[in-house]
Amino acid sequence: MDSWQSPIAPGISWYQASVGERPAYPALDGSRTVDVAIIGGGYTGLQAAYNLAKAGVSVALIEAGRFGDGASGRNGGQMGTGQRWWPEELEQEIGYERSKILFDMAENAKRHLHDFAGTHGIDMDYMPGQMNVSHKPGHDKDYRANAEIAAERYGYPHITFMDARETAERLGTTGYYCGVRDVGTGHIHPLKLLVGLARVASDAGAGIFEMTKATAIRQAGGKTMVETPRGTLIAERVLVATNAYIGDLEPVTAAHVMPIGSFIAATPPLDDFPHVIPGGEAVADSRFVVRYFRKSRDNRLLFGGREVYSSRDPADTANAIRRQIVATYPALKDVEITHVWGGNVGITMPRQPFVREVMPGVTSIGGYSGHGVMLSNYCGKLYADMVTGKATDLDHLAALKIPAFPGGRHMRTPLLFLALTWFALRDRL
Ligand SMILES: Cc1cc2nc3c(=O)[nH]c(=O)nc-3n(C[C@H](O)[C@H](O)[C@H](O)COP(=O)(O)OP(=O)(O)OC[C@H]3O[C@@H](n4cnc5c(N)ncnc54)[C@H](O)[C@@H]3O)c2cc1C
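Start counting the sequence shown at 1278; every next residue gets the next number (this note's numbering).
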């Protein structure tokens, strides 16, 4: 199978191919003084820009590439429910009261995203349903408890337990042992949302600029200066919304938010394989190196995963993901891969969001750890609420204990590589 070659358009995601030509925005052209400067044009940054502009705050946002080049235009599109951890797991660490606050906040984030898309006429290809499934036997009790706890302790009655038979029926594979099905959430076309969001932010009066990379952040005279090769933004406040793409720009964020590559492959529409997720839900499995997959609105399988040893060659990545697809769905042994792409997921040590004032007046928000579709949109809005003096839920995230990765900037990647290799091996055992 390794010699199999696909007609892949290198680097073009199915999201890009299906959206077509994206509207272009200008690069920054000269220096500006604004109330708020934002670095990074994903969901976090653009939501903050939109909400600030709407509230009458002068705001300029710069994006190093095109809007959607980061995780927001490339992700698996699964909205999920709650935080990255199940609420009962969070409870162990921060207690029921705080866990419930974070759960409710995520429900607000879900509502916010639906309301935002609805209000602005953004068709984000929403499809309902999400399933979490166990790749190992013996976990029925935990999954059953998850559904019960969600209903009884968190007021969320939309999750049901699936035994092995129901799991096999709903996924169309016998590769999993049990799971839970959540009908209170779903999945989206992430780039359609992003393109709509950029338009809405621009229409609201935010200055949004593409192809403008921040090269330094410095402070003098009570102001913050964001340097770019095309001029300087001089601001009262700055939002660092670069998530996993921070590079060397700001050391505190870089020490706490680590990029991990994740890859997705798309097949042609699977009209001949109606048994593959017949209900159209999204799926995430229990592997440490999570496999996540779903059908698109036009019936393609979008299958995400990560090979620890993955090379940078798209054909190798396509082959690696194709092996995972065939292992899950043997009937797809001859299926083509039409598109394959990757992106950086920003993770933190405890896999909880990173919200911190990293310099006076400079806030960094990111590290949603693979759970940022709802949360990043909401955090951008909450940041705007904070700036405009409204009550904000952002404090609950800022209060989370997020330590830096061990090993410093040079050693942490090899250390993570070793850890991932070990966990990937454990997933296979
Ligand atoms: C392959 C993949 C699959 C995922 N699947 C899911 C999923 O199914 N569900 C889920 O909830 N989450 C998922 N995520 C995570 C989710 O996409 C992110 O949490 C979310 O998009 C983060 O948005 P953001 O705006 O904070 O960051 P991003 O969208 O990454 O935006 C950051 C932007 O900052 C820009 N930037 C960086 N440095 C500079 C600079 N110096 N100057 C100017 N601009 C700069 C980058 O170019 C980038 O566009 C996935 C991520 C990936 C990569």
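Beta carbons are placed, not taken as given, at the ideal position from N, Cα and C, and that holds for glycine.
{"Item": "Residues sharing a beta bridge with Phe1438, DSSP", "Value": "Val1457"}
{"Item": "Bridge-paired residues (DSSP) for His1616", "Value": "Ala1543"}
{"Item": "Cβ neighbours of Lys1387 in the same chain (closer than 6 Å, five flanking residues each side left out)", "Value": "Met1651"}
{"Item": "Contact test: Ser1308 Cβ vs ligand 1 heavy atom, cutoff 7 Å", "Value": "no"}
{"Item": "Segment contact flag, the stretch 1591-1605 with the stretch 1519-1530, C-beta cutoff 8 Å, min 3 pairs", "Value": "no"}
{"Item": "CA-to-CA distance, Ser1641 to Glu1634, given in whole angstroms", "Value": "6 Å"}
{"Item": "Best match in Thr1519, Leu1609, Gly1415 for proximity to Gly1342 [C-alpha to C-alpha]", "Value": "Thr1519"}
{"Item": "Contact test: Ile1541 Cβ vs ligand 1 heavy atom, cutoff 7 Å", "Value": "yes"}
{"Item": "Option in Gly1649, Pro1405, Met1401, Tyr1327 with minimal Cα separation from Ser1479", "Value": "Tyr1327"}
{"Item": "Outcome for Ser1376 when other beta-carbon atoms lying within 10 angstroms are tallied against a minimum of 16", "Value": "buried"}
{"Item": "For Glu1340 and Val1751, the rounded distance between their alpha carbons", "Value": "The requested residue 1751 is not part of the displayed model; the chain covers only 1278 to 1706."}
{"Item": "For Glu1370, the first and last residue of its enclosing alpha helix (DSSP H)", "Value": "1364-1396"}
{"Item": "Sequence-distant residues of the same chain with beta carbon closer than 6 Å to Asp1417, five excluded per side", "Value": "Cys1455"}
{"Item": "As assigned by DSSP and simplified to three states, the class of Leu1609", "Value": "helix"}
{"Item": "Residues bridged to Ala1559 (per DSSP)", "Value": "Gln1407"}
{"Item": "Reduced DSSP secondary structure (H/G/I, E/B, other) of Leu1323", "Value": "helix"}
{"Item": "Backbone secondary structure at Ser1290 - three-state DSSP", "Value": "coil"}
{"Item": "Closer than 7 Å: Ala1518 CB and nearest ligand 1 heavy atom", "Value": "yes"}
{"Item": "Val1707: CB within 7 Å of a non-hydrogen atom of ligand 1", "Value": "Outside the shown range of the chain, which is 1278 to 1706, sits residue 1707, and nothing can be said about it."}
{"Item": "heavy atom of ligand 1 below 7 Å from Glu1384 C-beta", "Value": "no"}
{"Item": "Segment contact flag, the stretch 1368-1384 with the stretch 1442-1458, C-beta cutoff 8 Å, min 3 pairs", "Value": "no"}
{"Item": "Leu1448 and Ile1399 closer than 8 Å at C-beta", "Value": "no"}
{"Item": "Interface flag, Pro1303 vs chain D, CB-CB below 8 Å", "Value": "Of the chains in the structure shown, none is chain D; there is only one protein chain."}
{"Item": "Beta-ladder partner(s) of Tyr1569, from DSSP", "Value": "Ala1561, Gly1581"}
{"Item": "Selected residue, minimal CA-CA separation from Pro1683, among Gly1647, Pro1627, Glu1558, Ile1465", "Value": "Pro1627"}
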